[in-house]
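Residue numbers (this note's numbering): 812 to 1051.
Note that beta-carbon positions come from the ideal geometry of N, C-alpha and C, so glycine has one too.
Computed from a prediction, not measured in an experiment: that's the story for all the values here.
Structure, as structure tokens:
Here's what the structure looks like:
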């Protein structure tokens, strides 16, 4: 393989990886993440990359339940968006954070829940982006870099806020409730994004165009949650 042939592959790889790496750096800086949590962040990031294998296996199995396709394309796309993509992917990300950080006691602040879950989301988005970009054009990489990758971060970051709150829950019941609320919010955000993309061929490109203001709104909302988590962490430190 010549250097000339390698160049497009290298560019595609960089276009696939850079958005996830940049957003991870950005959110860690925004959250003023502790230096001691860097190792856990990277472990979760790479664990999420390898989670692509069970995720794809689960999505293939669920997709074979094709009875909903016989009803209408609308129902089919709804199932694909909210169950096959939203539920499976966000559930796996939550499990990674729970078993690698939540249960082992590596979440020391509410903000840790956000940063670690964002790390999981961007690890998954990184490998997903690589798989999408290879075999497609650079426009696909750019489009995913400004919509799909940030969407993963804001959906899972929202879930991470509740994971952080659950770490300081007073009862097991409250802990389960917060974890479930976070998971379902992430599923709804992720599912709505996928649904708008999937139905755009049926109802027009205007539906796909909604994803950009949607991602911007959710980013602003997550940024507010990050500041709120930092304030709550200060209150918790002051009460100790």
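Ends of the alpha helix (DSSP H) at residue i?
{"i": "residue 963", "result": "959-978"}
{"i": "residue 929", "result": "921-944"}
{"i": "residue 860", "result": "849-861"}
{"i": "residue 911", "result": "Taken as a continuous stretch (DSSP letters only), residue 911 belongs to no alpha helix (DSSP H), as it is neither H nor E."}
{"i": "residue 897", "result": "Looking at the DSSP string, residue 897 is not in any alpha helix (DSSP H), and its letter there is neither H nor E."}
{"i": "residue 1035", "result": "1022-1050"}
{"i": "residue 889", "result": "884-890"}
Just confirm the distance between the C-beta atoms of residue i and residue j, as a whole number of angstroms; I'd bet it's less than 8 Å.
{"i": "residue 893", "j": "residue 971", "result": "With 8 Å as the limit, residue 893 and residue 971 do not qualify as a contact, their Cβ atoms being about 20 Å apart."}
{"i": "residue 1029", "j": "residue 1000", "result": "6 Å"}
{"i": "residue 841", "j": "residue 1037", "result": "6 Å"}
{"i": "residue 958", "j": "residue 1026", "result": "6 Å"}
{"i": "residue 1022", "j": "residue 974", "result": "About 25 Å; that fails the 8 Å criterion."}
{"i": "residue 937", "j": "residue 828", "result": "6 Å"}
{"i": "residue 939", "j": "residue 863", "result": "7 Å"}
Rounded to a whole number of angstroms, what is the C-alpha to C-alpha distance between residue i and residue j?
{"i": "residue 850", "j": "residue 890", "result": "36 Å"}
{"i": "residue 950", "j": "residue 819", "result": "13 Å"}
{"i": "residue 944", "j": "residue 1047", "result": "44 Å"}
{"i": "residue 1011", "j": "residue 1005", "result": "10 Å"}
{"i": "residue 952", "j": "residue 992", "result": "32 Å"}
{"i": "residue 915", "j": "residue 1031", "result": "31 Å"}
{"i": "residue 961", "j": "residue 1050", "result": "35 Å"}
{"i": "residue 904", "j": "residue 956", "result": "20 Å"}
{"i": "residue 902", "j": "residue 994", "result": "7 Å"}
{"i": "residue 941", "j": "residue 867", "result": "14 Å"}
{"i": "residue 964", "j": "residue 988", "result": "22 Å"}
{"i": "residue 966", "j": "residue 906", "result": "15 Å"}
{"i": "residue 1034", "j": "residue 873", "result": "34 Å"}
{"i": "residue 1024", "j": "residue 911", "result": "33 Å"}
{"i": "residue 871", "j": "residue 883", "result": "20 Å"}
{"i": "residue 1044", "j": "residue 969", "result": "17 Å"}
{"i": "residue 886", "j": "residue 825", "result": "36 Å"}
{"i": "residue 1039", "j": "residue 817", "result": "46 Å"}
{"i": "residue 926", "j": "residue 855", "result": "10 Å"}
{"i": "residue 869", "j": "residue 900", "result": "9 Å"}
Tell me whether residue i is buried or exposed, calling it buried when 16 or more other Cβ atoms sit within 10 Å of its Cβ.
{"i": "residue 843", "result": "exposed"}
{"i": "residue 1056", "result": "Any answer about residue 1056 is impossible in this case: the structure gives the chain only from 812 up to 1051."}
{"i": "residue 924", "result": "buried"}
{"i": "residue 984", "result": "exposed"}
{"i": "residue 1020", "result": "exposed"}
{"i": "residue 837", "result": "exposed"}
{"i": "residue 982", "result": "exposed"}
{"i": "residue 935", "result": "buried"}
{"i": "residue 848", "result": "buried"}
{"i": "residue 998", "result": "buried"}
{"i": "residue 1042", "result": "exposed"}
{"i": "residue 791", "result": "The shown model of the chain, from 812 to 1051, leaves out residue 791, and the question about it has no answer."}
Assess contact between the segment 927-936 and the segment 857-874, defined as three or more Cβ pairs (one per stretch) separated by less than 8 Å. Is contact present? yes
Taking three-plus beta-carbon pairs below 8 Å as touching, is the segment 975-986 in contact with the segment 902-920? yes
Per the contact definition of three or more C-beta pairs closer than 8 Å, is the segment 822-837 in contact with the segment 861-877? In short, these stretches do not touch, since the Cβ pair count stays below three.
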